[in-house]
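Okay, structure first, notes after.
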Amino acid sequence: MTDVVMIAGSTPRPAVMAAALDSFRELGARVHLVGSFRTADMDTGLNWTTLHKVSTRSSAGKHAQRKTETMSAAERLWFHLEHDRATRAALRAADVVVALDNRAVYSAWRVAQARRTPEVCSGIAAALRAVARRREQAGSVLPEHAPGPVAAATDGLRRRLRGLPADLLRNATGPLALRSRVGARAWRAAVSAPGVPDTLRKAATEQVVEGMWLSGRQSGAIVTARAAAGKLSDPAIRAGLLDDVASKVIRSGRTPGNLTEAVGAHLALADERHAAGDTTETAKALLAAMKLAFHRVVHIDQVSSPLAADPAGFVAPFRTSVAARAVVEAKGRLTPAAAPPEDRPLRLLVATTANANFLHLIRSHYDANPDVELRFLDMAEHAGMRRLNGAPQRHVEHRLGGDPLFGHGAEQQLRPYLDWADTVFVDWCVAPAALFTAIDPGDTRIIVRLHSYEAFSRWPHMMDFSRVDDLVFVADHIRDLSVASIPGLGGDQAPRTHVIDNGMDLAGFRRAKDPSTRYNLGLVGIGQVAKDPLWALTVLEQLREQDERYRLILIGGDMGRPTNAAKAYSRKLERALKPLVEEGAVVRIGSTDDVAGALEDVGVILSTSVREGCHVGLMEGAASGAVPVVRDWPFFAGGENGAGTLYPAEWIVGTPAEAAARVRELTESEESWRNAGKLATEHALTTWDWPVVRLDFDRLLFGS
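Each step along the sequence shown adds one to the number in this note's numbering, with nothing skipped, and position 469 is 787.
Given below as structure tokens:
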């Protein structure tokens, strides 16, 4: 005789039960019903072997009540079943346990977790099949069952998953089941058990990781993926599994704890494919590694970066990867770059793609210079170049010796410009710069300028710097970071490096200021998380605790929200700004074409960023006569170079308290404030103004 225990989370329909009971009895089964239902609605004429409603008062007590208040309905049902003596006895004797409704599925799974028998299923039809099978086999075969802690140590994952009904598998690996420590631990052990085929292990782990993630066990999801990945023999499956969980963390706006393992797995796959001569798959794996390692959430949309913290350590996996080294292998050039011509004007090609923000003064200066013949190339305006710049897969394949059509396309698009120019100046070290190094430049001199964010991107890790003659940085600390982390910037074939400030027309910012403006703090640009305007609000708060005349003027558009990390920061910022704007402590100017005019009302200019190349807004503020207060940018603090070497040391502060103290000291009187502002203006105009900086560009281009 087979004992079937049905678990109900709500009252089942009597007509359905009547037909089911007849079918079970024909198969020689005794049927018991336990759970939560209205006894009055149940037909006692159905002759249940057991009809038992669990009492929610049986486990009464303040502790139990507090515990069940936080549970879902399905968890509460199991709590009461587990604490009911009659139910426990029925389940111990059961051969088949069936969940009659969705609320009961969790309880059925918990039964299977704790016991090797009975067979567990969901729904009456599945239960009838189980009873019929037992009758045919006469009990000679142990039933397939849902995985549990005991089973994890004795059964293979293959057998348990193949026999587990789909709905129970979904629930067994869903957030409800994996919210419990027991369930999470059991599944972690199951997916890391030895002897499981890779494809099956991957499928199970993906479901478990998803369930853990939805249940709030994000760290557990990473641990589980790591444990399962350690048992995988297929490098592609291993890389995919680790990538999935790392990408989940990145999408949530955080740096994944398994970033190093995920990147390393992709690089190991790339090395294997490279050894096999498969350039397409090698390129895919390398790009997957770079996408994770240099994702903007990891470095741009947060206030910290593992690359900035340890440049050499962060890129070490790329430097030890054979495939990654092959991509940046120095191919050199057949002919050295020619010296500037002496019998005619220098032919200068200035190139960029859709971002000429820092080129206006350079272009206007050399366009008016009789010793220079200038051409400007915006590669975004040329369809062929745009296609090549937007094809990183093809670019990497070409660098690995494949996709000859990519090289042919680069030749067609760029050779006419290279044949004409004596010197090519490429602004931004991104796709266009990499494209210019994809072919031999002949005797044309190639100059590339790297600003700041490119050092945290993948493009410098995809280009041949042996074909770049000069690499220009906007600050020493950016050069330090780049040399420490970018392959190709060391060795005999590395380009010459220069540090030249951004070209800025600062003379027009020198304006008269009203005495009352000394209490106005200003911040130019809050469009990126790196600007960290919340730091400025902390400074303002500390100042206003003693003197409510201090205000903060925000100049520039709202923060962009390209990722969840940026969205989270932006939401936090807006919540903090709302009451300050309402009380007049913060004034938002928004985007403006007249920054110089807006700075007339600013007496103290702030730089609160976590990283900068050179903070143009701060330099403009200093030129206007505002007193500079510069945070020691955390990405570079403690290094040989940083904010403290780019700016006068007295401008630099380490904490909001130090910033507030400097503001109070310099705005204590109108005289002290004006004197400090005059010194700032003098320093800005004699250091960063275009008449000074253009001499550095002349020396770069003409060598004099």
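The beta-carbon is built from N, C-alpha and C at its ideal position, and this holds for glycine as well. These numbers come from a predicted model, not from an experiment.
What residues are listed by DSSP as bridge partners for residue i?
i	result
Leu873	Note that residue 873 corresponds to Ile in the displayed sequence, not to Leu. DSSP output for Ile873 lists Val842 and Gly908 as bridge partner(s).
Leu550	The partner list for Leu550 (beta bridge, DSSP) is empty, contrary to what the question assumes.
Glu317	Past the boundaries of the shown model lies residue 317; the chain is included only from 319 to 1022, so the question cannot be answered.
Leu924	Val947
Ile371	The residue you asked about is not Ile; residue 371 is Lys in the sequence shown. Note: Lys371 sits in a beta bridge opposite Gly353.
Leu789	Val766 and Thr815
Asp696	Thr670
Asp1007	Met822
Considering only the beta carbon of each residue, do residue i and residue j sit closer than 7 Å?
i	j	result
Ala601	Glu715	yes
Val802	Asp619	Here residue 802 is Ala; the residue named in the question, Val, does not match the sequence. No, these two residues do not count as a Cβ contact at 7 Å.
Ala450	Glu437	no
Phe355	Lys371	yes
Val905	Ile871	yes
Ala417	Ser390	no
Arg693	Leu667	yes
Ala443	His350	no
Arg776	Phe612	yes
Asp950	Ile970	yes
Asn838	Gly921	yes
Ala778	Cys747	Position check: residue 778 holds Pro in this sequence, whereas Ala was assumed. Taking 7 Å as the Cβ cut-off, Pro778 and Cys747 qualify as a contacting pair.
Val786	Ile757	no
Ala674	Pro750	no
Val581	Leu610	yes
Ala543	Val567	no
Leu789	Pro759	no
Leu560	Ala545	no
Asp782	Leu677	no
Val415	Ala426	yes
Asp516	Asp552	yes
Asp359	Thr329	yes
Gly571	Ala886	yes
Ala812	Met780	no
Val928	Pro952	yes
Leu585	Ala644	no
Pro805	Val646	yes
Val621	Asp850	yes
Leu605	Pro710	yes
Met530	Ala539	yes
Ile873	Ala914	no
Thr926	Trp853	yes
Using alpha carbons as the reference points, say which of the options lies closest to residue i.
i	options	result
Ile1071	Asn420, Met319, Thr386 and Ala358	Here the chain comprises residues numbered 319 to 1022, so residue 1071 is not present and cannot be evaluated.
Asp912	Arg665, Thr388 and Gly939	Gly939
Leu550	Val567, Ala511 and Gly538	Ala511
Arg665	His713, Thr762, Ala701 and His779	Thr762
Ala998	Ala445, Val567, Gly719 and Pro946	Pro946
Gly1036	Gln864, Ser834, Pro880 and Gly806	What the structure shows of the chain is the stretch from 319 to 1022, and residue 1036 is not part of that stretch, so it cannot be assessed.
Asp321	Arg394, Glu344, Glu900 and Ala411	Ala411
Leu364	Asp340, His769 and Gly702	Asp340
Asp689	Val645, Arg343, Ser328 and Phe1020	Phe1020
Ala977	Pro897, Leu855 and Tyr887	Leu855
Ala979	Ser925, Leu858 and Leu936	Leu858
Gly808	Ser784, Gly840 and Ala333	Ser784
Asp628	Phe774, Lys996 and Val423	Phe774
His1001	Gly972, Ala967, Glu989 and Ser987	Ala967
Trp738	Ala656, Pro710 and Leu679	Ala656
Tyr424	Gly327, Gln455 and Ala347	Gly327
Val899	Thr926, Ala916 and Tyr868	Tyr868
Cys932	Gly962, Arg651, Trp505 and His683	Gly962
Pro574	Ala648, Arg614 and Asp402	Arg614
*May I ask you to verify whether the stretch 1002 to 1015 touches the stretch 809 to 828, counting CB pairs closer than 8 Å and requiring at least 3?*
yes
*Indicate whether the contact test is met: 3 or more Cβ pairs, each with one atom in the stretch 579 to 589 and one in the stretch 630 to 647, closer than 8 Å.*
Enough Cβ pairs lie closer than 8 Å, so yes.
_Please give me, in chain order, every unbroken run of the alpha helix (DSSP H) with length at least 4 that falls completely inside the stretch 406 to 461._
420 to 432 and 442 to 455
*asked:* Report the start-end ranges of each beta strand (DSSP E) in the stretch 320 to 353 that is 3 residues or longer and not cut off at the edges.
replied: 320 to 326 and 347 to 353
_To test your reading of the DSSP string, which unbroken beta strand (DSSP E) runs of 3 or more residues are found completely within the stretch 706 to 785?_
741 to 745 and 763 to 768
_At least 3 beta-carbon pairs within less than 8 Å: the stretch 824 to 832 vs the stretch 941 to 949_ = yes
*asked:* Going residue by residue through the stretch 652 to 685, where are the continuous beta strand (DSSP E) segments of at least 3 residues, counting only ones entirely within it?
replied: Qualifying beta strand (DSSP E) stretches, in chain order: 664 to 670.
*Hey, which unbroken runs of the alpha helix (DSSP H) at 4 residues or more fall wholly within the stretch 566 to 593?*
577 to 593
*asked:* For the stretch 790 to 799 against the stretch 694 to 705, do three or more pairs of beta-carbon atoms, one drawn from each stretch, fall closer than 8 Å, so that the two count as touching?
replied: Verdict: no, contact absent.
*What beta strand (DSSP E) runs, 3 residues minimum, are completely inside the stretch 598 to 653?*
Under the rule that a run must span 3 or more residues, no beta strand (DSSP E) segment is found entirely inside the stretch 598 to 653.
*Every unbroken alpha helix (DSSP H) inside the stretch 937 to 981 [4 residues or more]*: The qualifying runs are 961 to 964.
*asked:* What ranges does the alpha helix (DSSP H) occupy inside the stretch 501 to 549, keeping only unbroken runs of at least 4 residues that lie completely in it?
replied: Fully enclosed alpha helix (DSSP H) runs of no fewer than 4 residues occupy 516 to 532 and 536 to 547 of the stretch 501 to 549, in order along the chain.
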